[in-house]
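Following: one structure in structure tokens, then a few remarks.
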Amino acid sequence: MRTSAAIEARDLTKTYGKDVRALDGLGFVVEAGTVFGLLGPNGAGKSTTVKILTTLSLPDSGQARVAGIDVLAEPDRVRRTIGLVGQRSGVDLEATGRENLTLQGQVYGLRGAELRSRVGELLGRFGLADAADRVARGYSGGMQRRLDIAMGLIHRPQVLFLDEPTTGLDPEVRAGMWAEIAHLSAAEGLTILLTTHYLEEADRLAGRLAIVDRGRVVAEGSPNELKGELRGDAIHVELGDPEADGRAAGALDRVPGIWEVAVEGRSLRARTGDGSAAVPAVLQALEAGGIRVASVTIARPSLDDVYLRHTGRSFTRVAEEVSR
Amino acid sequence: MSATLTHSWFMTTRHLRNLARQPWWIAITLVQPVIWLLLFGAVFKATADIPGFAADSYIDYLTPGIVVMTGAFAGGWAGMGVIEDLNRGVIDRFLVSPVARQALITGRLVQLAIVSLIQSAIVITLGLIAGARFPGGATGLAVLVVSSALLGASLGALSNGMALLARKEETVIAASNFVLLPLTFLSSAFMQRDLVPGWIQTISRYNPVEWTVTAGREALTAQPDWGLVLSRLGLLVALTMVCTWLATRAFRTYQRTI
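Chains as they are written, first to last, in the numbering used here: chain A, 1 to 324; chain B, 1 to 258.
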């Protein structure tokens, strides 16, 4: 393993109970000072990975290093170098923002004037100065999340783990949080590992990302590299007839310049070298097959297409299935 | 070791402060033992007339029993706080920090002991007002209060440990309900030892509630058998240490299953 990297995970496996395989040989490397995204639907293994890297949980097998320290051999040293903003918050709702931050600082060995000034600095920076002495139960979702991040930063960690940092936040608050995270990595030189199931979030924030599916990394690269690997435009056809799966795919087999045709329910996706030229041919072929079309869109490849390409399933669709 | 102590103190402050912010909780916690004392005192008043019952009045006998029962119940329900912290993610946040694991348990136990001291003081004061007399005086009362706090801490540690393993409110509620009342009645908290059936006397020998009652009541007599008092206190100290160790170990089991 290289030691210059901020995070290295190799061949991690983890099984819950007898047969729930959460991690199945997952591995990746994060360079220091970058924002790395783990993108995947719920249940893909992202949170399990974070739990292992932050010493909360143990893998069945595999190796992991954070800031060059072996996570399994020296968990206590790792704990001093990392900050975690977990999926389930971690704010003590009966305590004020200031008390939450103070206790967190004390746990990391900060004392006296140094602790007070660090707490004050973070309260100001995360827009919590006015609410500092109010009990956190009265905070809005966005304020609690900001307090969470401030608590994760109190001891100036080298590596910050953000596990689904914007899940459950309003779109407006989410945008603010994105700006905050982007600022963190730029201004402080922090290494950030971010897990998300929002494609847009990964696209916006991550310098590099790994797409995780069923406990494995199926693709890795910068968002642009990943999208660039997909040649040409994406065609997305919304079919008017839900029973048309097999026939629709068959109908497009004979159209030249179209590849990677995939149909799931009413949704047909395919790739083509030139979107605008291909649309008439696609529509014609579907009409000839007796299949009604509700809408057609052409787009530059998105991360959703990247996910589809590597897993054979549409991301949005998997996310819907999981939440059901 | 010093880190464990400092961290325990930080955690104790946290729990005490959070408690102080819940006026309803405080009211109920302080009033409940008073209700027990008045209610049990009224219902079982005639007990003092049973031939062979040694105490002059039942309130003399009952007051230490209620002190012990209060300690036991406060301890038994302590796991509920752990469940809330688990659900909020607070425990996970501490587990990825360098905090001493033991402090996460002892902080709660110290808070529990402090609350138990206050509750005991209220019950004793009320007992005195109601006419209870304790020949053992201040020393005897101190032994009673300390042994109840130890009982509360040991049951509290078990309750915390179970909460970490079960992670469900329902399980903690069921277990506390299942254990606490029988444990209390399988002791001489409310009835003189030689007046209960033989099998209860046998079981009570292994019951920490009985150890507590014995230590407290014996210390409150005019001429206490200090050997007996100290042996029971010793058992309670040992039990508290074992339970605290078990509860701290429960973090490892918890971390293995997440």
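No residue lacks a Cβ here, since even glycine has one placed at the ideal position from N, Cα and C.
A quick note: this is a predicted structure, and the numbers were derived from the prediction, not measured.
Continuous alpha helix (DSSP H) stretch holding Trp199/B: start and end: Counted as a single uninterrupted DSSP element, the alpha helix (DSSP H) harbouring Trp199/B occupies residues Gly198 to Ser204.
Residues within the region 12-30 of chain A neighbouring chain B, beta-carbon criterion of under 7 Å: From the region 12-30 of chain A, no residue has a Cβ closer than 7 Å to chain B.
C-beta atoms of Leu180/B and Ala250/B nearer than 7 Å: Not closer than 7 Å, so no.
Residue-chain proximity (Gly107/B, chain E), Cβ-Cβ < 7 Å: As a matter of chain content, chain E is missing from the structure shown, whose protein chains are A and B.
Supposed close pair Thr271/B, Ala157/B - CB separation, criterion 8 Å: Chain B is shown from 1 up to 258; residue 271/B falls before or after that span and cannot be answered.
Proximity winner among Leu5/B, Gly216/B, Ile59/B and Leu228/B, relative to Ala130/B (alpha-carbon distances): Across the set Leu5/B, Gly216/B, Ile59/B and Leu228/B, the C-alpha of Ile59/B shows the shortest separation from the C-alpha of Ala130/B.
Alpha helix (DSSP H) runs contained entirely in the region 136-168 of chain A, provided each spans 4 or more residues: 141-153, all fully within the region 136-168 of chain A.
Start and end residues, alpha helix (DSSP H) containing Ala277/A: Per DSSP, Ala277/A belongs to the alpha helix (DSSP H) from Gly275 to Ala288.
Coil, strand or helix - His236/A by DSSP: Of the three classes helix, strand and coil, the one that applies to His236/A here is strand, per DSSP.
Buried versus exposed, by CB contacts within 10 Å (16 or more), Phe40/B: So Phe40/B counts as buried.
Spatially closest choice to Gly89/B from Arg167/B, Arg205/B and Trp9/B, by CA coordinates: Closest in alpha carbon position to Gly89/B, among Arg167/B, Arg205/B and Trp9/B, is Arg167/B.
Beta-carbon proximity check, Ile258/A vs Thr272/A, cutoff 7 Å: Yes, Cβ-Cβ distance for Ile258/A and Thr272/A is below 7 Å.
Local conformation of Leu84/A per DSSP, three classes: Three-state DSSP puts Leu84/A in a strand.
Min CB distance Met1/A to chain B below 7 Å: Confidence at Met1/A is low in this model, with a pLDDT of 46, below 50, so the placement of that residue is unreliable and no value is reported for it.
Beta-carbon separation (whole angstroms), Gly97/A vs Leu147/A, contact threshold 8 Å: Leu147/A and Gly97/A do touch by the CB rule: their CB atoms are close to 5 Å apart, below 8 Å.
Any non-hydrogen atom of the ligand MN closer than 6 Å to His7/B Cβ: In the structure shown, the ligand MN is absent, as is every other ligand, since no ligand is present at all.
The beta strand (DSSP E) enclosing Glu8/A, as first and last residue numbers: It spans Ala5 to Tyr16 - the beta strand (DSSP E) in which Glu8/A sits, taken as one unbroken run.
Any chain B beta carbon closer than 7 Å to Gly168/A: Answer no: the Cβ-Cβ gap between Gly168/A and chain B never drops below 7 Å.
For Ala210/A, three-class secondary structure by DSSP: Under the three-state reduction of DSSP output, Ala210/A falls in the strand class.
As assigned by DSSP and simplified to three states, the class of Ala189/B: DSSP places Ala189/B in coil when its eight states are reduced to three.
Val261/A at chain B interface by Cβ criterion, 7 Å: Taking CB atoms only, Val261/A has no neighbour in chain B less than 7 Å away.
First through last residue of the alpha helix (DSSP H) which encompasses Ser2/B: Its alpha helix (DSSP H) spans residues Ser2 to Ala20.
Contact with chain A by Val96/B, beta-carbon distance below 7 Å: So, interface residue.
Contact list for Ser89/A against chain B, beta-carbon separation under 9 Å: Neighbours of Ser89/A on chain B, chain order: Arg88, Gly89, Val90 and Arg93.
Buried versus exposed call for Ile7/A [16 or more other C-beta atoms within 10 Å across all chains shown]: Ile7/A should be labelled buried.
Cβ neighbour criterion (16 or more within 10 Å) applied to Ala350/A: Given a span of 1 to 324 for chain A in the structure shown, any question on residue 350/A remains unanswerable.
Integer-rounded CB distance, given that Gly71/B should sit under 8 Å from Ser176/B: Contact doesn't hold; Cβ gap of about 14 Å is too wide.
Cross-chain neighbours of Asn55/A in chain B, by beta carbon under 7 Å: Checking the displayed sequence, the identity of residue 55/A turns out to be Thr instead of Asn. Residues of chain B with a Cβ closer than 7 Å to the Cβ of Thr55/A are, in chain order, Val96.
CB contact check: Val159/A to chain B, cutoff 7 Å: When Cβ-Cβ separations below 7 Å define contact, Val159/A makes no contact with chain B.
Closer than 7 Å to chain B by CB, Val306/A: So no, Val306/A is outside the interface.
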